[in-house]
Amino acid sequence: MNGSKGDLQLASFWEHLDELRGAIIRAGLVALVAVVLAFAFKDVLFSLVLAPSRYDFLSYRLLGIQASDIHLINTGLTEQFMTHMRVACYAGLLLSLPYVIYELFRFVSPALYQRERRYAGRLVGSAYAMFMVGTLVNYFIIFPLTVHFLGTYRVSTEVQNMLTLQSYAETLLSMSLIIGLVFELPVLSWILALAGLLKPDWMRQYRRHAVVVILLIAAVITPTTDVFTLLFVSLPIWWLYEASILIVKMTRR
């Protein structure tokens, strides 16, 4: 009997391992297809990537900023191709992430109780949605202001700015990732509230301290020195903090 039970457990283990392998393979294939498609549609991809470098970008017109075109240059033999690869990989992974999460969740969900499954679904969906919101906020607000300031900043009229494509793309991708992670603050607060580790009274009590931390984070995120851009970046983060207080309050109830 013990040997039979052990064989069943071993068979069950290998079955679960096969299911996990299948889920990883399917998720990997979808991610690969998304990356290839993003790479193939180069004109569409880089029309979006390079839009903030043009004077008629939507955000400049809405904010009334008199911007000018920023001309990018290429200084390396492989720089344009490698930049194309990096941007396509980031875009493809971002687009395929919902399916990747779905495959992993489908594998894990049978082991969860109904209540746990419900919370896990909300958590994953909220985390992805907030990351996308952060990416859009960076694309339409934070990154254009950064590009406009740094692309036109000069220590002297004798020094001309010559921005490389690699520097431009890496700044866009890194800032998108950082802002996307910052926008996970409400989701993180919700998790801590569910675990009983965070209370709304504490967040209200340390609100002033939080404002200082938010300003420091905004100063790190935006490599600009003007107060306008700093406040423009700080406001969304402060709204996230206030929204987190409401989320923690409702969760505690």
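Counting with the numbering used here, you get residues 7 to 259 for the letters of the sequence shown.
All residues carry an ideal CB built from backbone N, CA and C; glycine is no exception.
Could you give the first and the last residue of the continuous alpha helix (DSSP H) run that contains Q166?
DSSP places Q166 in no alpha helix (DSSP H); its state is neither H nor E.
On a CA-only basis, which of L171, P116 and P104 is nearest T89? Give me that one, please.
The candidate whose alpha carbon is nearest that of T89 is L171.
Would the region 159–179 count as touching the region 40–51 if we require 3 or more Cβ pairs under 8 Å?
In this structure the region 159–179 does not lie against the region 40–51, because fewer than three pairs of beta carbons, one per stretch, are closer than 8 Å.
Identity of the residue in R67, E190 and L179 nearest G131 by Cα:
Ranking R67, E190 and L179 by CA distance to the CA of G131 puts E190 first.
Could you check which residue in R112, G70, G98 and D62 has the C-alpha nearest to that of L26?
When R112, G70, G98 and D62 are compared, the shortest CA-CA separation from L26 is found for R112.
Give me the Cα-Cα distance between I187 and S162, rounded to the nearest whole angstrom.
Note on identity: in this sequence residue 187 is Leu, with Ile being the wrong assignment. Using only the alpha carbons, I get a separation of about 36 Å.
In the DSSP assignment, find the unbroken alpha helix (DSSP H) run with Q86 in it and report its ends.
Counting along the chain, the alpha helix (DSSP H) containing Q86 begins and ends at E85 to V114.
Let me make sure I understand the geometry here. Which of S195, I227 and V217 has the alpha-carbon closest to that of M256?
If we check each option's Cα against that of M256, S195 comes out closest.
Under three-state DSSP, which class holds I76?
Reduced to three states, the DSSP call for I76 is coil.
Suppose the cutoff is 6 Å on Cβ atoms and the five residues either side in sequence are ignored; what does the same chain contact list for R160 look like?
Nothing meets the Cβ criterion.
Under DSSP, the alpha helix (DSSP H) around S180 begins and ends at which residues?
Under the DSSP assignment, S180 falls in the alpha helix (DSSP H) whose first and last residues are L171 to V188.
First through last residue of the alpha helix (DSSP H) which encompasses G82
No alpha helix (DSSP H) holds G82; DSSP gives it neither H nor E.
8 Å CB neighbourhood of M91 in its chain, flanking five on each side removed
So the list reads F45, once near-sequence residues are dropped.
Between Q166, F149, L68 and P192, which has its C-alpha nearest S180's C-alpha?
With respect to the C-alpha of S180, the residue from Q166, F149, L68 and P192 having the closest C-alpha is F149.
Reference T235; option with closest CA among V193, L204, E85 and V153
Out of V193, L204, E85 and V153, V153 has the C-alpha closest to the C-alpha of T235.
Sequence-distant residues of the same chain with beta carbon closer than 6 Å to I107, five excluded per side:
Result list for I107: V130, in chain order.
How is K205 classed by DSSP in three states: helix, strand or coil?
In the structure shown, K205 sits in coil (DSSP, three-state: anything other than H, G, I, E or B).
Can you tell which of R128, L178 and Y96 has its C-alpha closest to the C-alpha of V193?
Ranking the options by Cα distance to V193, first place goes to R128.
Within 10 angstroms of the Cβ of R124, are there 16 or more other Cβ atoms? Answer buried if so, exposed if not.
Counting the other CB atoms within 10 Å of its CB gives R124 a total below 16, which places it among the exposed residues.
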